[in-house]
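Residue numbers (our numbering): -8 to 227. Just so you know, even glycine gets a beta-carbon here, dropped at the ideal spot from N, CA and C. Computed from a predicted structure; not experimentally measured.
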Ligand SMILES: [Fe+2]
């Protein structure tokens, strides 16, 4: 049994009903040969389908690295979106500057396509103000389920964003490892926010699968522990 099958079984056992498979592709590659990216994904998916368990349901997507502006034709082609929906999962190079990220996103909000920005807590030159600006443009925002629980700088930023009501989706950036959505559900349940947890991990992800509007998510009132705050101020 491959590692992917093992992970999918564990997902199903933990209550995960649907998984969108999002192999990495860059906007530069798509500009060069978008059909090649689809072919590579199809081959990988065919292999996985042969041994994948019945549950969870599998859907296709991409995580598109915006190394260059995305060519407009991709936004008219739902084979590149999440599960054929209006939502396109995008990421930036880690050291992207706010203005560059904002102008890349501006090019993605034409028509009915909606960019969903992956793991926004990672971009060290962008913070709450940047993300608020991206939301104003019409982008949606995802943070990573495991990072959210950590006392690292990224974990702190993820909680700041949730505390500011700027996050639409929490998702597990699972690469065949132990990063699972349950980490975030468990963590958020310690902060008395069950309805918010559901919006982030069930309601808005379902909006992607159903290709409908996401609902706004209220701010989470975090109670940061003293140790976490000390570590943050010490820069660790
Ligand atoms: Fe990523």
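* Buried or exposed (CB count within 10 angstroms, at least 16 for buried), residue 84 -> Counting from one through the chain shown, the residue named residue 84 turns up at place 93. Exposed, because fewer than 16 other Cβ atoms sit within 10 Å of the Cβ of residue 84.
* **Three-state class that DSSP yields for residue 49 in the structure shown** => For this step, residue 49 is matched to residue 58 along the chain shown. Here residue 49 sits in strand by DSSP.
* With 16 as the cutoff for other CB atoms within 10 Å, does residue 169 come out buried or exposed? -> As a first step, residue 169 must be located in the chain shown, where it is residue number 178. Classification of residue 169: exposed, given that the 10 Å Cβ count is below 16.
* Are the stretch 105 to 113 and the stretch 125 to 140 touching, with three or more C-beta to C-beta distances below 8 angstroms? -> yes
* **Any non-hydrogen atom of ligand 1 closer than 6 angstroms to residue 198 Cβ** => In the chain shown, counting from the first residue as 1, residue 198 sits at position 207. No; taking the cut-off as 6 angstroms, the Cβ of residue 198 has no heavy atom of ligand 1 nearer than that.
* **Given 8 angstroms, three or more beta-carbon pairs between the stretch 107 to 123 and the stretch 69 to 85** => yes
* Assuming residue -1 and residue 11 form a contact by the criterion Cβ under 8 angstroms, report the distance between their Cβ atoms to the nearest whole angstrom. => Position 8 of the chain shown, counting from 1, holds the residue named residue -1. Position 20 of the chain shown, counting from 1, holds the residue named residue 11. Incorrect: roughly 13 angstroms between the Cβ atoms, too far for contact.
* Asked: Does residue 31 come within less than 7 angstroms of chain C when only Cβ atoms are used?
  -> Absent from the structure is chain C; it holds one protein chain and no more.
* To do: Pair every Cβ in the stretch 45 to 55 with every Cβ in the stretch 85 to 93, then say whether three or more of these pairs are closer than 8 angstroms.
  => no
* To do: Under 8 angstroms Cβ to Cβ from residue 210, same chain only, skipping five residues before and after it: list those, please.
  => Start at 1 with the first residue of the chain shown, and residue 210 comes out as number 219. Same-chain partners within the cutoff: 153, 154, 155, 156.
* Is DSSP giving residue 15 helix, strand or coil here? -> The count along the chain shown starts at 1 and reaches residue 15 at position 24. Strand, per DSSP.
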